[in-house]
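Here's the structure, in structure tokens; my notes come after.
Residue numbers (this note's numbering): 260 to 342.
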């Protein structure tokens, strides 16, 4: 079976879950906490659904992308560690 044939890789939620897992793995330097990963995946998923279903393009462009949200979280975490 070719991995490209598996429909799970085309599913929006699973893509968001994978992005959350990768972001948190990089951030914590190992296997991330399951609940934290799930919460971030749902935030990514909800943001993407809102972006896709937005009637007003200005509202949709104001939604943070998953990568931007993760970067903002990393910066906030680094700021807390400094202070």
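No residue lacks a Cβ here, since even glycine has one placed at the ideal position from N, Cα and C.
Within 8 Å, strictly: CB atoms of residue i and residue j
| i | j | result |
| --- | --- | --- |
| residue 296 | residue 279 | yes |
Nearest-angstrom Cβ-Cβ length linking residue i and residue j, presumed shorter than 8 Å
| i | j | result |
| --- | --- | --- |
| residue 299 | residue 282 | 7 Å |
Reference residue i; option with closest CA among the options
| i | options | result |
| --- | --- | --- |
| residue 303 | 292, 313, 271 | 271 |
Rounded C-alpha distance that separates residue i from residue j
| i | j | result |
| --- | --- | --- |
| residue 291 | residue 310 | 27 Å |
| residue 269 | residue 275 | 11 Å |
| residue 305 | residue 273 | 13 Å |
| residue 286 | residue 313 | 30 Å |
| residue 294 | residue 288 | 17 Å |
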